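Heads up: the sequence shown begins at 790 in our numbering, then just goes up one per residue.
Structure record follows, encoded as structure tokens.
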Amino acid sequence: MTTKPGRASTWVILACGGLIVLSVALGARGLHDARLPAAQAGAKVDIQQVYLDQCSTCHGEDGRGHTAKGRKEHVKDLHSAAVQKHTDLQLLQFIEKGKGKNMDGFLSKLGPQECKQLVNYVRELGKK
Ligand code: HEC
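Shown next, in the form of structure tokens:
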């Protein structure tokens with residue numbers, strides 16, 4: 790009979806320990822989730838991903854335009870001097886308003902911020 794209370798308190802201690810571990814784990818998760826909305830609010834957009842989603846079907850993942858559409862529509866290599874000689878403003882206007890009859894503008898789809906970042910991305914490609 791003397792062992793029974795001892796055993797019971799062991800279980801109580803174990804249960805408390807378990808609860809503490811659980812609440813710490815949940816607390817950590819809560820913190821982690823709390824950080825997500827800020828990232829999703831676009832504090833930092835993954836511009837490479839935007840390029841891959843929106844532009845690479847024609848311009849190619851590497852920007853060289855070696856895609857079926859790119860070849861058909863004669864897209865220029867974004868690395869080339871012919872493209873890089875444009876000013877930032879000109880590049881921005883191509884991206885925002887489109888160019889020729891085969892590239893539509895992206896202003897309404899992506900907004901001004903992302904269009905500006907895409908100009909930088911095209912510049913980055915030019916350096917590679
Ligand atoms: C439907 C295919 C298509 C998509 C999608 C597309 N483009 Fe284009 N892009 C073209 C074509 C075709 C041209 C050449 C237009 C011309 O000169 O007639 C072009 C031209 C350009 C130019 C100017 C280069 C030059 O001097 O000819 C830039 C910069 C550019 N695109 C960036 C982008 C970016 C950034 C995206 C994604 C937001 C994008 N494009 C999406 C087809 C596309």
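Note that the Cβ used here is the ideal one computed from N, Cα and C, for glycine as well.
Note that the structure is predicted; figures quoted are calculated from it, not measured.
Beta-carbon gap between Lys886 and Leu896 smaller than 8 Å: yes
Report the rounded CA-to-CA distance for Leu907 versus Ile884, giving the unit in angstroms. 8 Å
In whole angstroms, give me the CA-to-CA distance for Lys888 and Gly894. 7 Å
Leaving out the 5 sequence neighbours to the left and right, which residues in its chain are closer than 7 Å to His855 when beta-carbon positions are compared? Gly849
By how many angstroms is the C-alpha of Thr799 removed from the C-alpha of Val834? 52 Å
To the nearest angstrom, how far is it from the Cα of Ala830 to the Cα of Arg796? Model confidence at Ala830 stands at a pLDDT of 49, short of 50, so the residue's coordinates are unreliable and nothing is read from them.
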